[in-house]
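In terms of this note's numbering, the sequence shown is residues 1 to 419.
Below is one structure, written out as structure tokens, with a few remarks after it.
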Amino acid sequence: MEKYTCKSVGVIGAGIQGVCVGLQLIKKGIPVTIFDRQDPLSTEFKPASYGNAGHFSPYAVLQFNRTDVLYDVPKMLLSSYGPLALKWNYVPRLIPWIVNYLKNFNKKSMLHTAKYMHQILSLSNDAYEEIFKEIDTTNLIDKKGIIYVWTNKNLKSRKLEIKVRNDLGIEQKLLTKKEILDLEPNLNPAFDAGVIYEKAMHARDPHGILKAIFKLFLSKGGKFIQENITNLKQVNDNQTNIKSDKKEYIFEKTVIASGAFSKNLTDQLEENIPLDTERGYHVHFKDMNHLISRPVIFLDRGFGMTPMNQGLRVVGTVELGGLKNPPSKKRIDYLLRCAKELLPQLQTHEDEWLGFRPTLPDFLPILGPSLKNKNIIYAFGHHHLGWTLGAITGKIISGIVAEEKTNLDLSPYSSKRFN
Ligand SMILES: Cc1cc2nc3c(=O)[nH]c(=O)nc-3n(C[C@H](O)[C@H](O)[C@H](O)COP(=O)(O)OP(=O)(O)OC[C@H]3O[C@@H](n4cnc5c(N)ncnc54)[C@H](O)[C@@H]3O)c2cc1C
Numbered sequence: 001m002e003k004y005t006c007k008s009v010g011v012i013g014a015g016i017q018g019v020c021v022g023l024q025l026i027k028k029g030i031p032v033t034i035f036d037r038q039d040p041l042s043t044e045f046k047p048a049s050y051g052n053a054g055h056f057s058p059y060a061v062l063q064f065n066r067t068d069v070l071y072d073v074p075k076m077l078l079s080s081y082g083p084l085a086l087k088w089n090y091v092p093r094l095i096p097w098i099v100n101y102l103k104n105f106n107k108k109s110m111l112h113t114a115k116y117m118h119q120i121l122s123l124s125n126d127a128y129e130e131i132f133k134e135i136d137t138t139n140l141i142d143k144k145g146i147i148y149v150w151t152n153k154n155l156k157s158r159k160l161e162i163k164v165r166n167d168l169g170i171e172q173k174l175l176t177k178k179e180i181l182d183l184e185p186n187l188n189p190a191f192d193a194g195v196i197y198e199k200a201m202h203a204r205d206p207h208g209i210l211k212a213i214f215k216l217f218l219s220k221g222g223k224f225i226q227e228n229i230t231n232l233k234q235v236n237d238n239q240t241n242i243k244s245d246k247k248e249y250i251f252e253k254t255v256i257a258s259g260a261f262s263k264n265l266t267d268q269l270e271e272n273i274p275l276d277t278e279r280g281y282h283v284h285f286k287d288m289n290h291l292i293s294r295p296v297i298f299l300d301r302g303f304g305m306t307p308m309n310q311g312l313r314v315v316g317t318v319e320l321g322g323l324k325n326p327p328s329k330k331r332i333d334y335l336l337r338c339a340k341e342l343l344p345q346l347q348t349h350e351d352e353w354l355g356f357r358p359t360l361p362d363f364l365p366i367l368g369p370s371l372k373n374k375n376i377i378y379a380f381g382h383h384h385l386g387w388t389l390g391a392i393t394g395k396i397i398s399g400i401v402a403e404e405k406t407n408l409d410l411s412p413y414s415s416k417r418f419n
């Protein structure tokens with residue numbers, strides 16, 4: 001039988017999923033055009049893939065459909081100074097997502113998510129290392145591990161996390177308060193203990209890494225068009241049409257890698273895709289990156305700090321409020337308060353940024369063909385782990401497009417689970 005070769009692919013979105021998918025497709029010799037309303041090389045380009053905390057976190061298998069937080073969630077939502085917040089005007093639109101989320105709030109679903117996050121997370125760093133051989137990563141990546149600290153208030157949750165990771169064979173090293181302070185002597189000891197993932201690495205500049213991968217894609221013959229895509233459809237088994245504000249384009253296959261905005265496109269395909277967003281924020285403290293050597297996350301507060309080239313990036317919180325609500329000053333104030341609790345020497349911040357994590361109610365991404373339009377392939381919904389999962393998503397999706405066999409069980413990532 002003749003080997004199948006895809007003739008052309010359009011990829012909607014130049015976030016980390018889109019550029020990694022584009023790169024892997026072009027490496028297979030398939031002509032690719034990436035579309036984005038912003039040019040990834042410009043300073044206006046600020047999606048989630050720009051502003052995240054930069055953690056490559058292959059260990060982060062447990063997500064928020066975890067039974068231990070069930071009773072804490074309502075309390076957190078009612079407090080305006082907690083790690084979780086709600087835009088009340090968005091509640092009516094959020095109800096279908098919440099109903100679906102509650103269905104996934106049980107031990108079985110929690111362990112299912114952990115198992116299938118682990119399947120792809122365990123391959124994520126190796127997939128990046130392959131790409132890093134082809135780009136100049138000088139001053140873009142540090143390999144000093146990632147530290148999580150906590151107080152003794154939520155030890156039940158900490159025990160659960162440690163157990164699930166141990167059961168999956170994930171390396172973790174528990175630390176006493178003293179050991180944490182030996183590693184990060186500038187921290188104010190507002191915590192009781194913690195853990196280090198010694199093999200974890202972090203980006204000193206996520207946008208810099210994305211730009212380098214994008215340039216590699218272009219150098220291999222990939223094309224980029226800066227346009228906003230408004231419509232798409234599968235015309236037949238050999239043709240998909242993508243329409244922008246300006247023009248219509250024809251490709252054999254189309255990949256939707258539009259992050260939290262993907263639902264605007266999937267809603268045209270008559271499928272139930274309960275994608276919503278967990279909004280998150282960052283600020284920078286310029287020239288303060290020397291205060292810590294590696295990312296430090298304070299689990300009780302739901303925030304973290306990463307030393308980056310732009311300064312000390314203080315990142316976090318989850319706000320349920322959709323894509324259109326304006327940023328919340330209270331969320332920024334919360335982040336500042338948390339940062340100064342751990343590093344009282346911090347003073348003036350800059351660059352207040354709001355970003356959109358693309359999240360499905362069972363905290364697994366959707367990776368695979370649309371149910372009714374097999375030439376339209378989904379690559380979105382990576383929630384808190386989309387930076388970590390970019391390179392492996394590129395490999396998985398390019399394999400699906402090229403109709404290659406895989407040893408991975410991809411069925412848990414299908415949109416079938418919602419239809
Ligand atoms: C505060 C915060 C901290 C985070 N920290 C981490 C972390 O430390 N580690 C980690 O692994 N993950 C982290 N994440 C998650 C991670 O950043 C995201 O999951 C990931 O960046 C999503 O990548 P993406 O390519 O799917 O989407 P995006 O980065 O959002 O990119 C989507 C692109 O599609 C474009 N687009 C959308 N619709 C259209 C359209 N109709 N036409 C044209 N273009 C379109 C957008 O312009 C955008 O450029 C964090 C997220 C946030 C918000």
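For glycine and all other residues, C-beta sits at the position ideal for the given N, C-alpha and C.
Computed from a predicted structure; not experimentally measured.
**Message:** What ranges does the beta strand (DSSP E) occupy inside the segment 231-314, keeping only unbroken runs of at least 3 residues that lie completely in it?
**Reply:** 239-244, 248-251, 253-256, 276-285, 296-298, 303-308
**Prompt:** Any idea what DSSP makes of V61, helix, strand or coil?
**Reply:** coil
**Asked** Does DSSP put F45 in a helix, in a strand, or in coil?
**Response** coil
**Request:** Quick one: give me the first and last residue of the alpha helix (DSSP H) that K340 is part of.
**Result:** 329-342
**Asked** Going by the CB atoms, is the gap between S414 and G368 shorter than 8 angstroms?
**Response** yes
**Message:** Just list the residues that DSSP pairs W88 with in beta bridges.
**Reply:** None, per the DSSP bridge assignment.
**Asked** Which two residues bound the contiguous alpha helix (DSSP H) that contains Y128?
**Response** 124-132
**Message:** Any heavy atom of ligand 1 closer than 7 angstroms to the beta-carbon of V315?
**Reply:** yes
**Request:** Taking K253 as the reference, give the member of N264, S262, T43, N241 with the closest Cα.
**Result:** N241
**Request:** With a threshold of 7 angstroms, establish whether the CB of R37 neighbours any heavy atom of ligand 1.
**Result:** yes
**Item:** Top-ranked residue by Cα proximity to G304, from K143, L354, P295
**Value:** P295
**Asked** Skipping 5 residues on each side, what residues in its chain have a beta carbon closer than 8 angstroms to that of A212?
**Response** I135, D136, T137, L140
**Prompt:** So what does K223 bridge to, in DSSP terms?
**Reply:** T33
**Message:** Let me make sure I understand the geometry here. Which of F224, L216, Y249, F214 has the alpha-carbon closest to that of T230?
**Reply:** Y249
**Residue environment, K395, which counts as buried when at least 16 other CB atoms sit within 10 Å** = buried
**Asked** By a C-beta neighbour count over all protein chains shown, 10 Å radius and 16 as the cutoff for buried, is V73 buried or exposed?
**Response** exposed
**Asked** Can F224 be considered in contact with ligand 1, in the sense that its beta carbon sits closer than 7 angstroms to one or more heavy atoms?
**Response** no
**Message:** For ligand 1, I want to know if R422 counts as a neighbour, meaning its beta carbon is within less than 7 angstroms of at least one of the ligand's heavy atoms.
**Reply:** No statement about residue 422 is possible, as the shown extent of the chain runs from 1 to 419 and does not include it.
**Message:** At a cut-off of 7 angstroms, would you count A339 as near ligand 1, judging by its Cβ distance to the nearest heavy atom?
**Reply:** no
**Item:** Continuous alpha helix (DSSP H) assignments of at least 4 residues falling wholly in the segment 124-182
**Value:** 124-132, 155-167
**Prompt:** Helix, strand or coil for G390 per DSSP?
**Reply:** helix
**Request:** Indicate the three-state DSSP secondary structure (helix, strand or coil) for H383 in the structure shown.
**Result:** helix
**Asked** Closer than 7 angstroms: is that where the CB of F214 sits relative to any heavy atom of ligand 1?
**Response** no
**Message:** So G10 and F224 are supposed to be a Cβ contact under 8 angstroms. How far apart are they, rounded?
**Reply:** Going by Cβ atoms, the distance from G10 to F224 rounds to 11 angstroms, so no, they are not a contact pair.
**Contact between the segment 379-396 and the segment 6-24 (3+ Cβ pairs under 8 angstroms)** = yes
**Cβ shell of V235 (< 7 angstroms), same chain only, five flanking positions each side left out** = N241
**Asked** Looking at C-alpha atoms only, which residue of T359, R66, A391 is the closest neighbour of I209?
**Response** A391
**Message:** Given 7 angstroms as the limit, tell me if P307 has its C-beta closer than that to any heavy atom belonging to ligand 1.
**Reply:** no
**Prompt:** H207: buried (16+ other C-beta within 10 angstroms of its C-beta) or exposed?
**Reply:** buried
**Prompt:** Cα separation between Y71 and T348?
**Reply:** 36 angstroms
**Asked** Measuring CB to CB, does N106 end up less than 8 angstroms from P361?
**Response** no
**Prompt:** Residues in its own chain within less than 7 angstroms of Y128 by CB, not counting five upstream and five downstream?
**Reply:** F56, A391
**Request:** Alpha carbon to alpha carbon, how far is T306 from S293? Give it in angstroms, no decimals.
**Result:** 8 angstroms
**Prompt:** What is the DSSP secondary structure of L439, reduced to helix, strand or coil?
**Reply:** It is not possible to answer for residue 439, since the shown part of the chain is limited to 1 through 419.
**Request:** Please indicate yes or no: does the CB of I229 lie closer than 7 angstroms to some heavy atom of ligand 1?
**Result:** yes
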